[in-house]
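Number of protein chains: 2
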Amino acid sequence: EGMSLHGLGVEPRCRCSGTESRRIGKLIESIELFPPNPHCKDTEIIATLKSNGQEICLDPKAPWVTKVIEKILAKRSS
Amino acid sequence: EGMSLHGLGVEPRCRCSGTESRRIGKLIESIELFPPNPHCKDTEIIATLKSNGQEICLDPKAPWVTKVIEKILAKRSS
Numbered sequence: 334e335g336m337s338l339h340g341l342g343v344e345p346r347c348r349c350s351g352t353e354s355r356r357i358g359k360l361i362e363s364i365e366l367f368p369p370n371p372h373c374k375d376t377e378i379i380a381t382l383k384s385n386g387q388e389i390c391l392d393p394k395a396p397w398v399t400k401v402i403e404k405i406l407a408k409r410s411s
Numbered sequence: 334e335g336m337s338l339h340g341l342g343v344e345p346r347c348r349c350s351g352t353e354s355r356r357i358g359k360l361i362e363s364i365e366l367f368p369p370n371p372h373c374k375d376t377e378i379i380a381t382l383k384s385n386g387q388e389i390c391l392d393p394k395a396p397w398v399t400k401v402i403e404k405i406l407a408k409r410s411s
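Put into structure tokens, the structure is as follows:
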């Protein structure tokens with residue numbers, strides 16, 4: 334019953350199990366978008382907080398999340 | 334001439350010095366958006382590649398970059 338070292342890597346799956354419902358737009362330092370991939374069929378959006386670098390999953394379907402992203406993109410032309 | 338240990342941290346500045354001009358949308362695993370902050374007045378967009386996890390700066394003003402982001406966001410509802 335030797336433990337197989339093979340496949341000791343983390344089981345491929347989604348990064349997020351739950352999402353932050355509070356509107357934390359002002360606390361966000363950056364936002365990372367993960368399109369669906371072989372390991373996870375969901376689009377995932379993960380924010381990094383300014384204060385402590387903590388990573389928080391956001392609800393990809395929440396309107397306020399879309400607004401935060403649009404706001405960042407809108408700043409490109411300024 | 335003792336070297337001051339104070340302020341040995343990396344000088345705060347932008348993450349990107351140049352951007353990738355080729356359209357690498359299909360190679361992208363994730364995209365991170367960095368709005369302007371006290372250290373960097375530019376919006377920065379950094380992609381992580383599927384193949385090797387390499388991080389590549391994208392031109393925030395390039396239309397194809399906007400399309401890649403929109404495509405990811407469009408997949409949320411599927």
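Chains as they are written, first to last, in the numbering used here: chain A, 334 to 411; chain B, 334 to 411. Here a beta-carbon is modelled for each residue, glycine too, at the ideal position from N, C-alpha and C. Just so it is clear, the structure is predicted and the values come from calculations on it, not from any experiment.
Can you find a CB in chain B that lies within less than 8 Å of the CB of residue i?
{"i": "A:SER350", "result": "no"}
{"i": "A:LEU391", "result": "no"}
{"i": "A:ASN385", "result": "no"}
Measuring only the C-alpha atoms, how far is residue i from residue j?
{"i": "B:LEU360", "j": "B:PRO371", "result": "31 Å"}
{"i": "A:THR352", "j": "A:VAL398", "result": "11 Å"}
{"i": "A:ASP392", "j": "A:GLU377", "result": "8 Å"}
{"i": "A:CYS373", "j": "A:LYS404", "result": "27 Å"}
{"i": "B:ARG355", "j": "B:LEU366", "result": "19 Å"}
{"i": "A:ALA407", "j": "B:ASN385", "result": "30 Å"}
Using DSSP's beta-bridge definition, name the partner residues of residue i.
{"i": "B:ILE364", "result": "A:LEU366, B:ALA380"}
{"i": "B:ILE405", "result": "The partner list for B:ILE405 (beta bridge, DSSP) is empty, contrary to what the question assumes."}
{"i": "A:CYS390", "result": "A:ILE379"}
{"i": "B:CYS373", "result": "B:ASN370"}
Give a yes or no on whether the minimum CB-CB distance between residue i and chain A is below 8 Å.
{"i": "B:ARG356", "result": "no"}
Going by beta carbon distance, what residues of the same chain come within less than 6 Å of residue i, once the five residues before and after it are set aside?
{"i": "B:ALA380", "result": "ILE361, ILE364, ILE389, LEU391"}
To which residues of the same chain is residue i closer than 8 Å at the C-beta, ignoring the five residues directly before and after it?
{"i": "B:GLU334", "result": "Bear in mind that the predicted position of B:GLU334 carries a pLDDT of just 41, short of 50, making it unreliable; the figure below should be weighed with that in mind. Answer for B:GLU334: no residue qualifies."}
{"i": "A:ASP375", "result": "CYS347, CYS349, PRO369, PRO393"}
Excluding the 5 residues preceding and the 5 following residue i in the sequence, name in chain order all residues of the same chain whose CB lies nearer than 7 Å to its CB.
{"i": "B:LYS400", "result": "none"}
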